[in-house]
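Protein chains in written order, with my numbering: chain A, 573 to 903; chain B, 187 to 543. Built from N, CA and C at the ideal position, the CB exists for glycine as well. Note that the coordinates shown come from a computational prediction; the quantities given were computed from them, not determined experimentally.
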Amino acid sequence: MTEPLLDVRGLQKFFPIAEGFFQRVTGHVRAVDGVDFTLNEGETLGLVGESGCGKTTASRCILRAIDPTGGQILYRTRDGRTVDLATLPQAELLPLRSEIQMIFQDPFGSLNPRMNLLDNVGEPLLVNGMRNRRERTDRVADLLRLVGLRPEFMHRFPHAFSGGQRQRIGIARALATNPRLVVADEPVSALDVSVQAQVLNLLLELQSRLKLTFLFVAHDLSVVRHISDRVAVMYVGQLVELAPTGEIFAQPQHPYTAALMRAVPAADPRVRRDDGILGGEVPSPAKPPSGCYFHPRCRHATDRCKVEAPALREITPGHFSRCHYAGEKVF
Amino acid sequence: MPPTPTVIESAVSSNEPLLSVRDLRVSFALDEGLVRAVDGTSFDVMPGQVLGVVGESGCGKSVTMRAILQLVEKPGRITSGTIRFRRRDSNEAVDLAQLPPRGAAMRDIRGAEIALIPQEPMAAFSPVHTVGDQIIEAILLHGHRWQAGGRKLSRGEARDITVGLFRDVGISMPEQRVDAYSWQLSGGLRQRAMIAMALSCKPRLLIADEPTTAIDVTTQAQVLALLRDLQAKYNTAIIFITHDLGVIAQMASYVVVMYLGRIMEEGPVDEIFHAPKHPYTRALLQSIPSLYGQTRVALPVISGALPHPFNRPPGCPFHPRCPDVMERCSAAVPKLEPVAANQLASCFLHHDKAEAE
């Protein structure tokens, strides 16, 4: 396999908790606490987990929308250099911005309602130095065609479009600067079922046509399974499992992943199951449990899990799990 | 002047539906034009049945439920149709559509006989009263109705009932949690408290409007299991509204599929999922990625987008997106007619009966 495009090592992001009149820092929310993964060129990595697990924070660190507390984000640039996005100064980061782009969750909040499509989609081009208006208009027309919208629409404003069409506009804007890595944070969760399939198909098609690399953040396991080559599962700021899609769904090596999959309601009335519903709640990342963070909810937990925090280890080639009993027990 | 409630029939048999909606129409008169949010909807809910209502945004599923509770806000209006509901103490059906929304009869029914579990438990609870107080208030308001001799309950009794309900819905430390504010509870606990509130007056019909959309998948599994247990225990009829076909498959025994204010198809859950008749139902089922299908291949899609409410297509509302569209579909509106033993569909592929213009 080729050298990875992105190599995230020990990524951490803590938010301070300030209390009292003097806003003294009394603790930290360990939103992302040691996340490691690689992303190869042209592949899609799905990042899943429940709300508050740190998946969005991790993806925002990679975009350097927020500064990580620790760890490395090694990125191979278009001209073959390897840089650490985690510590890169702003001046050196700026030229790389066009290579890493983002697709947002909310198609209603992420487009400027006072700009028409030409300006909304053309803004990244303008910022990146495409001053000539005609040139920009041509490029926006191409982009709109690429995402399945008519170029004539470019003088209309976002309010005239449906949720699915707006999400296409958001995708066109993300692709304006010819990015290599696209971070998509819940890109289809706000869409209706019939439109969701259209946008998923569009993402798959664009990826193969433009050789894009996707970091696909989502909570819907069926969607993630459909679009990803590999899947990473997060729980309370940590990566608990990472494996190729087919493998993780056929043979999860972490009890949390298995519980997540059991919780998805099957769209078939003949498959009704009540067994193995995960009890309890996600612990706060400010006060995580001792040992393995998942042990209070885990039905396989032993005394060892209460005291000894497991490390992420490779169970079979390419299949990582953060569980003492991975490879021994069937979850 | 609001008309007086009309007594439509006297029925005694338990085979009679608890709720029977016929040709319900709700429209919103906006500056831009008239939006027909619900356009001739008919369905029955049997006692103790879980009816699933599926549809995408704008299909009228929530407006239908608000109409049943007479909660449609201006400029919305029920323009025609009947909503017959059998009340607890009489076997006569009352037409809810004819009751004044703010009248005593409707207020007696709301909460006490038909309860609602809203989508956003955060917005549904008042942040300045404890959740316990809000439930106690409902019990004090309606509780005497099921007490022998109509005796009013004391506050202490209502509190005991609330603690018992919290225990029933699986809230740990119920005595303490009764005094908590909604914002002190997690999403899952808040939804459980909402369910406790909805059940507090022993309703005969529970309307659950997307009760699990705002919560995580593992919490959703807990809430769905809870609703199933409670339904079996109290034998409450439930109308379960959702856009999630997985949730419908797991919860409902009978399913109604809506699109742009009309019912496209209805039938028992197994038939809807394994022998769908309407092209919309079929397309909807194919377009969801499953946990078992092939990955990274194009999903079959429904072409086009949901039409804008002001641009309602003529004829069958689904015809511009339908893969099996025929010439007639744009000219006439197909009626909801039996197409199989227990199934009804409004589609000219299966029958040729049109709505009268």
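Spatial neighbours of A/Gly-735 in its own chain (CB-CB distance under 6 Å, excluding positions within 5 residues in sequence) are listed in chain order as Pro-679 and Leu-763. Taking 7 Å as the CB threshold, B/Ala-423 stays off the interface with chain A. Only residues of its own chain outside the window of five on either side were considered, and among them Gln-417, Ile-424, Phe-426, Met-437, Ala-438 and Ser-439 have a CB closer than 7 Å to the CB of B/Val-236, listed in chain order. For the options B/Ser-473, B/Leu-392 and B/Ala-344, the alpha carbon positioned closest to that of B/Leu-255 is the one of B/Leu-392.
Under the 7 Å criterion on CB atoms, B/Phe-504 is classed as non-interfacial with respect to chain A.
At a cut-off of 3 residues, the continuous stretches assigned as beta strand (DSSP E) that sit fully inside the segment 404–428 of chain B are 423–428. A/Val-843 counts as exposed, since fewer than 16 other beta carbons sit within 10 angstroms of its beta carbon.
Look at B/Thr-348: its C-beta is not under 7 Å from any C-beta on chain A. Burial state of B/Ile-401 is buried, judged by a 10 Å Cβ sphere holding 16 or more other Cβ atoms.
No Cβ-Cβ contact shorter than 7 Å links B/Ala-435 with A/Ala-835. For A/Arg-581 and A/Phe-788, the gap between their C-alpha atoms comes out near 18 Å.
The beta-carbon of A/Gln-770 is placed less than 7 Å from the nearest beta-carbon of chain B. When the alpha-carbon of A/Ala-830 is set against those of A/Ala-746, A/Ser-893 and A/Thr-785, the nearest one is in A/Ser-893. Put simply, the CB of A/Asn-773 is near chain B, with a gap under 7 Å to one of its CB atoms. Rounded to the nearest angstrom, the Cβ distance from B/Pro-475 to A/Val-795 is 6 Å, consistent with a contact under 8 Å. Cβ-Cβ distances below 7 Å link A/Tyr-865 to Tyr-807, Val-808, Gln-810 and Pro-855 in the same chain, with the five nearest sequence neighbours on each side left out; the list follows chain order. Under the three-state reduction of DSSP output, A/Ile-638 falls in the coil class, being neither helix nor strand.
Considering only beta carbons, the part of the segment 604–627 of chain A lying closer than 7 Å to chain B consists of Glu-622 and Ser-623, in chain order. Non-local beta-carbon contacts of B/Arg-331 in its own chain, meaning distances under 7 Å to residues more than five positions away in sequence, involve Ala-298 in chain order.
Taking the beta carbon of A/His-791 as reference, the chain B residues within 9 Å of it are Asp-402 and Val-403, listed in sequence order. For B/Pro-360, the enclosing alpha helix (DSSP H) covers residues 360–363. The C-beta of A/Ile-849 comes closer than 7 Å to at least one C-beta of chain B.
Taking the CA atoms as reference points, B/Glu-541 sits about 13 Å from B/Met-450. Straight through space, the alpha carbons of A/Leu-635 and B/Arg-507 are spaced by roughly 38 Å. Annotation for B/Tyr-466: Tyr-445, Met-450 and Phe-504 place their beta carbon closer than 6 Å to its own, counting only its chain and skipping 5 residues before and after.
With its beta carbon less than 7 Å from one in chain A, B/Ala-407 belongs to the interface.
With 16 or more neighbouring CB atoms inside 10 Å of its own CB, B/Ser-213 falls in the buried class. The bridge partners DSSP lists for B/Pro-524 are B/Leu-530.
At a cut-off of 7 Å between beta carbons, B/Ala-309 makes no contact with chain A. In this structure the segment 670–685 of chain A does not lie against the segment 601–614 of chain A, because fewer than three pairs of beta carbons, one per stretch, are closer than 8 Å.
In the structure shown, B/Met-380 adopts helical secondary structure according to DSSP, grouped into three states.
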